[in-house]
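Engineer: Sequence lines, in order, name chains F and W.
Under our numbering, think of the first position of the first sequence as 1, with each following residue one higher.
Under our numbering, think of the first position of the second sequence as 1001, with each following residue one higher.
Shown below is the structure under consideration.
Protein chains: 2
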Amino acid sequence: MHNTKPRAVVLLSGGIDSTTTLALAQRDGFAVYALTFRYGQRHEQEIEAARRIARAFQVAGHEIVEFDLRRFGGSALTADIAVPKDRTPSEMGADIPVTYVPARNTIFLSFALAWAETLGAYDIFIGVNALDYSGYPDCRPEYIAAFQQLADLATRAGVEGRGRRRLQIHTPLIQFSKKDIIATGLSLGVNYGLTVSCYDPAPDGAACGRCDACLLRLKGFAEAGSEDPIRYQRIEKAAR
Amino acid sequence: MHNTKPRAVVLLSGGIDSTTTLALAQRDGFAVYALTFRYGQRHEQEIEAARRIARAFQVAGHEIVEFDLRRFGGSALTADIAVPKDRTPSEMGADIPVTYVPARNTIFLSFALAWAETLGAYDIFIGVNALDYSGYPDCRPEYIAAFQQLADLATRAGVEGRGRRRLQIHTPLIQFSKKDIIATGLSLGVNYGLTVSCYDPAPDGAACGRCDACLLRLKGFAEAGSEDPIRYQRIEKAAR
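Spelled out as structure tokens, the structure:
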């Protein structure tokens, strides 16, 4: 069966959005080649999550590409900058957060493009969404459109492409709220207990419950009327 | 002095084109931050060349980013495919050669974008040229224009950019022949003895003299009326 399906490269970080995107790509009939990056994140837990998820979905292939964005610094996710906690939605939306990693999605999509070209895949899925992403520039629809245009020119297919399929960047979640994403995933049977979202988890894997990613996740589950299956640290309210 | 100059990220592979580009960026008054990649090339000699060149030009910074494109395969430069030899110019121009590395310049420019953003640099230099590059899709002017558009949207500057400078991708060699490039570099005092072009050098560093890169280089020096200062293997003509 697998070899008759069209191939798609799916960026898989191990979080809710990329896992839901993977489920949607499979539902749409693609043989999924999941692509994960170890880029100098503070913790390995999201890479472990990506491995678990790739196994659970029995993907056709899974690659983990390593490079070190800490050399460049500039982000709370890769440098020694504190992860902000307990921010309100309006604080999150006010500016580009320190957890923004410069040019990260551009780097990720570039590697996806390279792998798609060698796989003979014409479809790349990325789980960006413009609504809940608290202002990351490289999650906006106009950014994705610009990358699509680049992809048309960057590859062998872009030169020899007469009569061949055009490479397509799929962003099925781009207009989804976290609530919509979670509701969609649950309807497809996604086990969100496999996923990791927290920017600053405890060594035992428990999520902090207070960073932007945790707060958006918890709000999404609450609005979807479902309980988040992952573990959270017990926060002493008095200490905050 | 250095801290008053604007900063530029210059992609430095260790070959003639990127070295000439670096010389032009310095001439234009930029503090150069050279960026080199160890991506699974067959040989380390171009990385050693990049180190020598960065030292010779006393650049403000030099980073070597590592990742492994061999995972994806698909190129004679990173997989176990023979490097073509002794091709005529018309054979080289006929199609995209097997030495093409899928999406390589897109990946390189993405990292340059990340570093530029953390350095506060608004200028990226890449030594692509559309004439002598034997059909690589990601060396064409329309490709560079598409990346320029992406850069405007991908970064913090692209969101907060009101009143700030626009990020600029510089391709000073784009319409240069190899002869023009070499003549320009020689006029700026570039020592091309530091550079490496060969796709398939001997273990002692001698260039093969027969791959596309060697043939274009030798032709360029001949047309510029200068002698190539690097060492070549003695080819037994009878054995070919």
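Positions of the beta carbon are idealized from the N, C-alpha and C atoms, including for glycine.
Please read all numbers here as calculations on a predicted model, not as lab measurements.
Can you tell which of Phe1057/W, Lys1179/W, Tyr1199/W has its C-alpha closest to the C-alpha of glycine 1225/W?
Structural biologist: Position 225 of the second sequence, counting from 1, holds the residue named residue 1225/W. Closest by alpha carbon: Lys1179/W.
Engineer: What are the boundary residues of the beta strand (DSSP E) that isoleucine 1064/W is part of?
Structural biologist: Here residue 1064/W is taken as the residue at index 64 of the second sequence, counted from 1. 1061-1066 is the span of the beta strand (DSSP E), which, as asked, contains isoleucine 1064/W.
Engineer: Does glutamine 168/F come out as helix, strand or coil in the three-state DSSP assignment?
Structural biologist: What you label residue 168/F is simply residue 168 of the first sequence in a count that begins at 1. Three-state result, glutamine 168/F: strand.
Engineer: Which class does isoleucine 1174/W belong to by DSSP, given the choice of helix, strand or coil?
Structural biologist: As a first step, residue 1174/W must be located in the second sequence, where it is residue number 174. Three-state result, isoleucine 1174/W: coil.
Engineer: Going by C-alpha to C-alpha distance, which of Glu1142/W, Gln1149/W, Asp1017/W sits closest to alanine 154/F?
Structural biologist: Taking the first residue of the first sequence as 1, we reach residue 154/F at position 154. For the residues Glu1142/W, Gln1149/W, Asp1017/W, the minimum Cα distance to alanine 154/F belongs to Glu1142/W.
Engineer: What does the alpha-carbon distance come out to for the pair isoleucine 1126/W and cysteine 1208/W?
Structural biologist: The residue you call residue 1126/W lines up with position 126 of the second sequence. The residue you call residue 1208/W lines up with position 208 of the second sequence. Between isoleucine 1126/W and cysteine 1208/W, the C-alpha separation is close to 26 Å.
Engineer: Going by CA-CA distance only, name the one from Thr171/F, Pro172/F, Phe108/F, Gln26/F that's closest to aspartate 68/F.
Structural biologist: Taking the first sequence and counting its residues from 1, one reaches residue 68/F at position 68. The shortest C-alpha separation from aspartate 68/F is found at Phe108/F.
Engineer: Assign threonine 962/W to buried or exposed, taking buried as 16 or more other Cβ atoms, counted over all protein chains shown, within 10 Å of its Cβ.
Structural biologist: Absent from the model: residue 962/W. The displayed extent of chain W is 1001 to 1240, so no value can be given.
Engineer: Look at the alpha carbon of arginine 1013/W and the alpha carbon of arginine 1070/W, and state the distance between them as a whole number of angstroms.
Structural biologist: Residue numbering aside, residue 1013/W sits at position 13 when the second sequence is read from its first letter. Residue numbering aside, residue 1070/W sits at position 70 when the second sequence is read from its first letter. According to the sequence provided, residue 1013/W is serine. The question's arginine does not apply to it. Cα to Cα, the separation comes out at about 18 Å.
Engineer: Please report whether the beta-carbon of valine 65/F lies at a distance below 8 Å from any beta-carbon of chain W.
Structural biologist: The residue you call residue 65/F lines up with position 65 of the first sequence. Between valine 65/F and chain W, the shortest Cβ-Cβ separation is below 8 Å.
Engineer: List the residues of chain W that phenylalanine 125/F touches, going by C-beta distances under 8 Å, in chain order.
Structural biologist: Your numbering for residue 125/F matches position 125 in the first sequence. Here the premise fails: no neighbours, minimum Cβ distance about 17 Å.
Engineer: Quick check: what's the CA-CA separation for serine 1197/W versus phenylalanine 147/F?
Structural biologist: Looking up residue 1197/W in the second sequence gives position 197. Looking up residue 147/F in the first sequence gives position 147. C-alpha separation (whole angstroms): 30 Å.
Engineer: Quick check: what's the CA-CA separation for arginine 1234/W versus alanine 1206/W?
Structural biologist: As a position in the second sequence, residue 1234/W is number 234, starting the count at 1. As a position in the second sequence, residue 1206/W is number 206, starting the count at 1. Cα to Cα, the separation comes out at about 9 Å.
Engineer: Relative to the C-alpha of aspartate 200/F, which candidate in Gln41/F, Asp17/F, Leu22/F, Thr20/F has its C-alpha closest?
Structural biologist: Looking up residue 200/F in the first sequence gives position 200. Measuring from the Cα of aspartate 200/F, the nearest candidate turns out to be Gln41/F.
Engineer: By alpha-carbon positions, which one of Ala202/F, Gln149/F, Cys139/F ends up nearest to proline 175/F?
Structural biologist: The residue given as residue 175/F occupies position 175 in the first sequence. As written in the sequence, residue 175/F is glutamine, which differs from the proline given in the question. Measuring C-alpha to C-alpha distances from glutamine 175/F to each of Ala202/F, Gln149/F, Cys139/F identifies Cys139/F as the nearest.
Engineer: Expressed to the nearest angstrom, what Euclidean distance is found between the alpha-carbon atoms of isoleucine 53/F and arginine 27/F?
Structural biologist: Translated into positions along the first sequence, residue 53/F becomes position 53. Translated into positions along the first sequence, residue 27/F becomes position 27. Spanning the two alpha carbons is a distance of roughly 15 Å.
Engineer: Under the DSSP definition of a beta bridge, which residues are partnered with glutamate 28/F?
Structural biologist: Here residue 28/F refers to the residue found at position 28 when the first sequence is read from its first residue. Strictly speaking, residue 28/F in this sequence is aspartate, with glutamate absent from that position. Bridge partners of aspartate 28/F: none, in fact.
Engineer: Locate the alpha helix (DSSP H) running through alanine 1050/W, then write down its first and last residues.
Structural biologist: By 1-based counting over the second sequence, the position of residue 1050/W is 50. Segment 1045-1056, the alpha helix (DSSP H) holding alanine 1050/W.
Engineer: Taking the Cβ atom as the reference point for each residue, do threonine 1036/W and histidine 1062/W lie within a distance shorter than 8 Å?
Structural biologist: For the purposes of this step, residue 1036/W is identified with residue 36 of the second sequence, where counting begins at 1. For the purposes of this step, residue 1062/W is identified with residue 62 of the second sequence, where counting begins at 1. The answer is yes: Cβ separation under 8 Å.
Engineer: Cβ closer than 8 Å: which chain W residues qualify as neighbours of threonine 4/F?
Structural biologist: Along the first sequence, one-based indexing puts residue 4/F at 4. Residues of chain W passing the Cβ test: none, with the nearest at roughly 22 Å.
Engineer: Quick one: Cα of arginine 1007/W to Cα of alanine 1023/W, how far?
Structural biologist: Translated into the one-based positions of the second sequence, residue 1007/W becomes position 7. Translated into the one-based positions of the second sequence, residue 1023/W becomes position 23. Going by the C-alpha atoms only, they are around 14 Å apart.
Engineer: Would you tell me roughly how many angstroms separate the C-alpha atoms of isoleucine 1016/W and serine 1187/W, rounded to the nearest one?
Structural biologist: Numbered from its first residue, the second sequence carries residue 1016/W at position 16. Numbered from its first residue, the second sequence carries residue 1187/W at position 187. For isoleucine 1016/W and serine 1187/W, the distance between alpha carbons rounds to 14 Å.
Engineer: For isoleucine 47/F and alanine 34/F, I'd like the C-alpha separation in whole angstroms.
Structural biologist: Here residue 47/F refers to the residue found at position 47 when the first sequence is read from its first residue. Here residue 34/F refers to the residue found at position 34 when the first sequence is read from its first residue. Roughly 12 Å separates the two Cα atoms.
Engineer: Report buried or exposed for glycine 193/F, applying the criterion of at least 16 other Cβ atoms within 10 angstroms of its Cβ.
Structural biologist: For this step, residue 193/F is matched to residue 193 along the first sequence. Flag for glycine 193/F reads exposed.
Engineer: Nearest CA to the CA of glycine 1120/W: which residue from Ala183/F, Pro102/F, Gly185/F?
Structural biologist: For the purposes of this step, residue 1120/W is taken as residue 120 along the second sequence, with counting starting at 1. For glycine 1120/W, the nearest C-alpha among the options comes from Pro102/F.
Engineer: Per DSSP, leucine 1035/W is paired with what?
Structural biologist: Locating residue 1035/W in the second sequence gives position 35, where the first residue counts as 1. DSSP output for leucine 1035/W lists Leu1011/W, Glu1063/W as bridge partner(s).
Engineer: Looking only at its chain, what residues have a beta carbon closer than 7 Å to the beta carbon of tyrosine 232/F, apart from the 5 residues adjacent to it on each side?
Structural biologist: The count along the first sequence starts at 1 and reaches residue 232/F at position 232. So the list reads Ala206, Ala207, Gly209, once near-sequence residues are dropped.
Engineer: Please work out which residues of its chain come closer than 8 Å, Cβ to Cβ, to aspartate 228/F, disregarding the five sequence neighbours upstream and downstream, and give them in chain order.
Structural biologist: Counted from its first residue, the first sequence places residue 228/F at position 228. Once the five neighbours on either side are set aside, the close Cβ partners of aspartate 228/F are Tyr192, Arg217, Leu218, Phe221.
Engineer: Going by other Cβ atoms of all chains shown within 10 Å of its Cβ, with 16 needed for buried, is alanine 213/F buried or exposed?
Structural biologist: The residue you call residue 213/F lines up with position 213 of the first sequence. By the 10 Å Cβ count, alanine 213/F comes out buried.
Engineer: Could you compute how far the alpha carbon of valine 260/F sits from the alpha carbon of leucine 11/F?
Structural biologist: Here chain F covers residues 1 to 240 and nothing more, so residue 260/F does not appear.
Engineer: Can you check DSSP and say which residues form a bridge with tyrosine 1207/W?
Structural biologist: Within the second sequence, the letter at position 207 stands for residue 1207/W. Per the sequence presented here, residue 1207/W reads as alanine, with tyrosine not at that position. Answer is Tyr1232/W.
Engineer: Does the beta carbon of glycine 1015/W come closer than 8 Å to any beta carbon on chain F?
Structural biologist: By 1-based counting over the second sequence, the position of residue 1015/W is 15. Not one chain F Cβ lies under 8 Å of glycine 1015/W.
Engineer: Leaving out five residues on either side along the sequence, give the residues of the same chain with a beta carbon under 8 Å from the beta carbon of glutamine 1168/W.
Structural biologist: In the second sequence, residue 1168/W corresponds to position 168, counting from 1. Cβ neighbours of glutamine 1168/W beyond the five flanking positions: Tyr1122, Asp1123, Ile1124, Gln1148.
Engineer: Name, please, each residue of chain W whose Cβ falls closer than 7 Å to the Cβ of phenylalanine 111/F.
Structural biologist: Numbered from its first residue, the first sequence carries residue 111/F at position 111. Correct list: Ile1107.
Engineer: Assuming valine 1190/W contacts tryptophan 1115/W under a Cβ cut-off of 8 Å, what Cβ separation, rounded to an integer in Å, is found between them?
Structural biologist: The residue you call residue 1190/W lines up with position 190 of the second sequence. The residue you call residue 1115/W lines up with position 115 of the second sequence. Contact between valine 1190/W and tryptophan 1115/W is absent: CB atoms are separated by about 24 Å, not below the 8 Å threshold.
Engineer: If you measure between the beta carbons of alanine 31/F and lysine 5/F, is that distance less than 8 Å?
Structural biologist: Locating residue 31/F in the first sequence gives position 31, where the first residue counts as 1. Locating residue 5/F in the first sequence gives position 5, where the first residue counts as 1. It is a contact, given that the beta carbons lie within the stated cut-off.
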